[in-house]
Amino acid sequence: MKINNDIINQLDFKTVIDNAAEGVCIIQGERIVYHNDAAIKITGYPSEIYIRTPILNIFDSEDAKRMVQRYKQRLAGEQVPPISEARFIRYDGSHGWMQSTSSQTMWKGKLATVNFFIDITDRKSLEEELNNKKKEIESLLVSDNLTGLYNRRYLDNQVVKEIERSNRYKYPMCLAIIDIDNFKKVNDTFGHDCGDKVIKQLANLLQTKTRLSDVAARWGGEEFCLILPETKLKKAHFLLDNLRKEFQNKYISCVNYAVTFSAGVAELDIHDTSITLFSRTDKALYKAKNEGRNKVISFIDD
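Here the numbering used here is used: the first residue of the sequence shown is 27, the next is one more, and so on.
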């Protein structure tokens, strides 16, 4: 509901305010100088306290600063969007959301701001719930169910993006493919539940022993990938070999021998696409497997 001079001239101002379905308050000097019953119902304040309360005390700190700034801009004659949303604090200390429509008016001969507002807490709660569900669905679309690592879909997209970024800023980048050695033997001998434990053990190692900028993903089955931005081949090889040694020494309760992995790693070449980078990395992994497993091989151009 918008108050302007025409309405003020035609109607008794207090009657308009008192009969409004929305909460209404009039603000002068950052204080509430008049309100209706709906404002009390929304905020929970006793009338005698609400009327003396600085506007800053009713809103969350950041929103309060923003509201006061808008109030000052409006009094200075600046153009301010009339509708806003803000978090407010009820008299009992609980928090809610309100949507308000503000405009300038005169109150007892002085310039003031009149605020019409409604409680939108339920709507905001629903929006937050829907947003959380959206994030959850988005997470499921890019995550591997067993390990919590990124899945192949995310990895494939991220490799393309990282190649573009590396080429744009002239940064090195490496890609590694990791494959658990003799994984079929683990499944056949100790069962698939044990195989899952082995996979999760390696996933946890990749999550905890790599940088935040690195991307660890389950590529499929017992294969994993690591995107290593801003990393030269020698450093990437060193990291993978340390991971290999640590995994070999991990105690996995359901297996009575050391489980190992092999890895291939390649550095991005200026002419690489995601396909050629994966191909060279896979060749390095294949060589590691053929040379007895439990090792890291870096792809070196002939």
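Using N, Cα and C, we set each Cβ at its ideal position, and we do this for glycine too. Quick caveat: nothing in here was measured; it's all calculated off a predicted structure.
- Counting C-beta pairs with one atom in each stretch, the segment 86–104 and the segment 170–177 have fewer than three that are closer than 8 Å, which means they do not touch.
- Here DSSP, grouped into helix, strand and coil, assigns residue 127 to strand.
- Contact annotation, residue 140 with residue 147: C-beta distance approximately 22 Å; criterion of less than 8 Å not satisfied.
- Residue nearest to residue 114 within the set 296, 155, 66 is 66 (criterion: CA-CA distance).
- Put simply, of 152, 126, 136 the residue whose alpha carbon is nearest the alpha carbon of residue 145 is 126.
- Under the three-state reduction of DSSP output, residue 221 falls in the helix class.
- The segment 272–320 contains, as complete alpha helix (DSSP H) runs of 4+ residues, the segments 300–316 (chain order).
- A Cβ-Cβ distance of about 13 Å is found for the pair residue 244 and residue 182, leaving them out of contact under the 8 Å criterion.
- The C-beta of residue 273 has 16 or more other C-beta atoms within 10 Å across all chains shown, which makes the residue buried.
- Beyond the five residues adjoining it in sequence on each side, residue 93 comes within less than 7 Å, by CB distance, of 81, 85, 112 in the same chain, given in chain order.
- DSSP, read as helix, strand or coil, puts residue 39 in helix.
- By the neighbour-count criterion, in which a residue is buried when 16 or more other Cβ atoms sit within 10 angstroms of its Cβ, residue 262 is buried.
- Residue 139 carries a strand assignment under DSSP once its states are collapsed to helix, strand and coil.
- Contact annotation, residue 286 with residue 207: C-beta distance approximately 5 Å; criterion of less than 8 Å satisfied.
- In this structure, the alpha-carbon of residue 123 lies about 41 Å from that of residue 230.
- Under the three-state reduction of DSSP, residue 44 is assigned to helix.
- Collapsing the DSSP output to three states places residue 322 in a strand.
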